[in-house]
Amino acid sequence: MFRLQTTKKKIKRIAQKINFSPSWQGCIVLSVFLLLSCVTSVSAQETLAELTDASKELKVGLDTFWVVFASILVIFMNAGFAMLETGLCRRKNAVNMLSKNLIVFAISTIAYWAVGFALMFGDGTDFFGFSGFFLSGADNSPTISGDYIGVYSSLGSVNIPLAAKFLFQVAFAGTAATIVSGAVAERIKFIDFILFSVFLVAIAYPLVGNWIWGGGWLSKLGFQDFAGSTVVHSVGGWGALTGSILLGARKGKYKPSGGIMPLPGHNLSLATLGCFILWIGWFGFNAGSTLELSQDISYIALTTNLAAASGAISATIISWVLAGKPDLSLIINGVLSGLVAITAGCAFVSYGDAIIIGIIGGALVVVFVYYLDSIKIDDPVGAVSVHLVNGIWGTIAVGLFASPIVSGDPNIKGLFTTGSISLLGVQLLGVLAVGAFMVIYSFIIWSILKALLGLRVSEEEEYFGLDIGEHGMEAYNGFSEDVNEI
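Taking the numbering used here, the leading residue of the sequence shown gets 10, the next gets one more, and so forth.
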């Protein structure tokens, strides 16, 4: 403004020297003043627009960094599953467990890239997508203008690059397949597990994911699963349960007299390390599901941690009461049960309700580990009790404890927080629909594999261990044999 006034005075002096009349002098000064004002205004608007674009670009960059970082945490959870499952199984099967957990993520990456991502998020029907296979569909994300153009419309509002979206989702897909590994451990053929994982990640997981996260029919009914109690854990859990039933129990697990022979894991140190890795990775799993860097991250991380802690304490107390001593394997599974249970509602429930969800989750895992043994369903690592049972519980818990105040969505109303039963009804419908689909689908795939290849290794391979029978190597070569190992 000071410069404009100075310029105005100079122009007036020049006009006086040229002997312009006072009226002409005023017109000249006014014209120049208006011209300079317009130039200044345009310059200010351009600067403001540049700052706005820069701010949007910065947000895209920060959001992308967060999602990629969270993806890495979730991918690292595969190391946790490998340690957990290997430690809870016998030494003679350690190489087999490590191999399955390593190859399953590689398989998941290719299968999900080729088919799964398109079925889950590609434009299509309310039941499956049919656009963008091999991650080749049109997509202009991220967009500074906010106008999405592409074939992955259900992810159009997520303003990060398509590569970041895929990386995060493929990490989840790999987790669903890994869940199956533990339940069918120590007796399944390696090739059967690989083939089932392909069909799970390429077809079953994406179809359920489309219904819930891809804008499908359950999503339109209002079904809520923030980070995957149903989409990831129940899907993997149903596949694990059907596989375990069709395989049958490990040799020597159940006595003809009806008794149960304990077949303890060979290294609880590894299992405990795996539990801690999974606990840490779960912060990427749940908080990363915001798909943007926001204030919600800290809240979600805390509800996740509270549920894990309360699940561990609950499982410790109940196992102590039932068995007379605290069981480390059940403490580990108590942590994981709390994590699975809170996954669906971590962004929707209060801190206190997160603790309640974790407590019930820890209790459920102990009860169902004993129950499945009583009906002779052999699950060496407790995968069904952790992921399926608590995946169902966590999904139902959203319908009970979800708060519109916490979620910021007036339509997310739990029975205990608002008195509304509508969300609970939708959650129950989702549990039943996903359960029915997964049982039928898994039974068909397992049965085909059984008919064509046979599911179980030979009795000799099972006796001496899958490390030698399936891989021709040992995890602890040179160590003395345990004469008491079955």
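Note that the Cβ used here is the ideal one computed from N, Cα and C, for glycine as well.
DSSP bridge partner residues for residue i (one or two, in chain order)
i: Ile197; result: Arg465
i: Ile269; result: Tyr263
i: Gly8; result: An answer regarding residue 8 cannot be provided, because it is not within the stretch 10 to 495 covered by the chain.
i: Gly159; result: Asp148
Range covered by the alpha helix (DSSP H) that runs through residue i
i: Ile212; result: Per DSSP, Ile212 belongs to no alpha helix (DSSP H) and is neither H nor E.
i: Pro335; result: Where Pro335 is concerned, there is no enclosing alpha helix (DSSP H), given that its DSSP letter is neither H nor E.
i: Ile369; result: Tyr360 to Ser383
i: Val104; result: Ala103 to Ala120
i: Pro389; result: Premise fails: Pro389 is in no alpha helix (DSSP H) and is neither H nor E.
i: Ile188; result: Leu171 to Ala192
i: Trp402; result: Asn399 to Phe410
i: Lys229; result: Trp226 to Leu230
i: Val426; result: According to the sequence displayed, residue 426 carries Thr and not Val. Where Thr426 is concerned, the enclosing alpha helix (DSSP H) stretches over Leu424 to Thr427.
i: Ile414; result: Pro413 to Ser416
i: Thr239; result: Counting along the chain, Thr239 falls outside any alpha helix (DSSP H), and DSSP gives it neither H nor E.
i: Trp291; result: Leu277 to Ala296
i: Ile496; result: The chain is shown from 10 up to 495; residue 496 falls before or after that span and cannot be answered.
Environment of residue i [buried if 16+ CB atoms lie within 10 Å]
i: Phe410; result: buried
i: Phe11; result: With a pLDDT of only 47 at Phe11, under the threshold of 50, the placement of this residue in the model should not be trusted; the figure read from the coordinates follows. Exposed, because fewer than 16 other Cβ atoms sit within 10 Å of the Cβ of Phe11.
i: Ala356; result: buried
i: Asp234; result: buried
i: Asp62; result: exposed
i: Pro419; result: exposed
i: Met270; result: exposed
i: Leu67; result: exposed
i: Glu471; result: buried
i: Ile340; result: buried
i: Ile457; result: exposed
i: Ala185; result: buried
i: Trp33; result: Bear in mind that the predicted position of Trp33 carries a pLDDT of just 48, short of 50, making it too unreliable to give a figure here.
i: Gly261; result: exposed
i: Gly487; result: exposed
i: Glu469; result: exposed
i: Tyr360; result: exposed
i: Ile289; result: exposed
i: Tyr380; result: exposed
i: Val48; result: Its pLDDT being 49, under 50, Val48 is placed unreliably by the model, and the measurement read from it follows with that caveat. With fewer than 16 other Cβ atoms within 10 Å, it is exposed.
i: Asp135; result: exposed
i: Gly125; result: buried
i: Val149; result: Note that residue 149 is Asn in the sequence shown here, rather than Val. Classification of Asn149: exposed, given that the 10 Å Cβ count is below 16.
i: Asp156; result: exposed
i: Ser451; result: buried
i: Gly516; result: Nothing about residue 516 can be read from this structure; the chain reaches only from 10 to 495.
Residue closest to residue i, alpha-carbon to alpha-carbon, out of the options
i: Phe114; options: Gln178, Glu66, Met129 and Phe137; result: Gln178
i: Ser238; options: Tyr214, Ile322 and Gly354; result: Gly354
i: Gly463; options: Phe181, Ile197 and Gly290; result: Ile197
i: Ile384; options: Ala194, Gly268, Lys101 and Lys229; result: Gly268
i: Val217; options: His242, Val193, Ala194 and Glu195; result: His242
i: Phe369; options: Trp291, Leu250, Asp382 and Ile405; result: Rather than Phe, the amino acid found at residue 369 in this sequence is Ile. That would be Ile405, whose Cα lies nearest to the Cα of Ile369.
i: Gly293; options: Phe78, Ser64 and Val374; result: Phe78
i: Ala213; options: Met447, Leu111 and Trp291; result: Met447
i: Gly231; options: Arg465, Ile453, Val435 and Phe452; result: Val435
i: Trp455; options: Glu195, Ser412 and Gly248; result: Gly248
i: Leu82; options: Ala484, Met106 and Leu176; result: Leu176
i: Ser80; options: Trp291, Leu475 and Ile449; result: Trp291
i: Ile351; options: Ser328, Gly403 and Ile414; result: Gly403
i: Asp382; options: Ile322, Thr152 and Lys264; result: Lys264
i: Gly257; options: Ile477, Leu475 and Val466; result: Val466
i: Ile477; options: Glu195, Gly423, Lys229 and Leu424; result: Glu195
i: Leu164; options: Ile327, Gly138 and Leu373; result: Gly138
Proximity test, residue i beta-carbon vs the ligand FAD heavy atom, cut-off 7 Å
i: Leu250; result: You won't find the ligand FAD in this model; it holds no ligand whatsoever.
Any C-beta of chain B under 8 Å from that of residue i
i: Gly267; result: Protein chains in the displayed structure number just one, and chain B is not present.
Looking at C-beta atoms only, is the number of pairs between the stretch 283–295 and the stretch 83–101 that lie closer than 8 Å three or more? The answer is yes - the stretch 83–101 touches the stretch 283–295, with three or more Cβ pairs under 8 Å.
Would you be able to state if there are at least three C-beta pairs under 8 Å between the stretch 387–396 and the stretch 335–347? Look at the beta carbons and you see the stretch 335–347 touching the stretch 387–396: at least three pairs across the two are nearer than 8 Å.
State whether the stretch 311–329 contacts the stretch 198–216, with contact taken as three or more CB pairs (one from each stretch) at a distance under 8 Å. Segments in contact, no.
Three Cβ pairs or more, each shorter than 8 Å: is that satisfied between the stretch 71–78 and the stretch 162–180? Yes, they touch.
When you compare the stretch 115–124 with the stretch 205–225, are there three or more beta-carbon pairs, one atom per stretch, that lie closer than 8 Å? Verdict: yes, contact present.
When you compare the stretch 296–309 with the stretch 324–341, are there three or more beta-carbon pairs, one atom per stretch, that lie closer than 8 Å? No: the two stretches stay apart, fewer than three of their Cβ pairs being nearer than 8 Å.
contact_flag[the stretch 325–332, the stretch 358–367] where n(CB pairs < 8 Å) is 3 or more: Too few Cβ pairs lie closer than 8 Å, so no.
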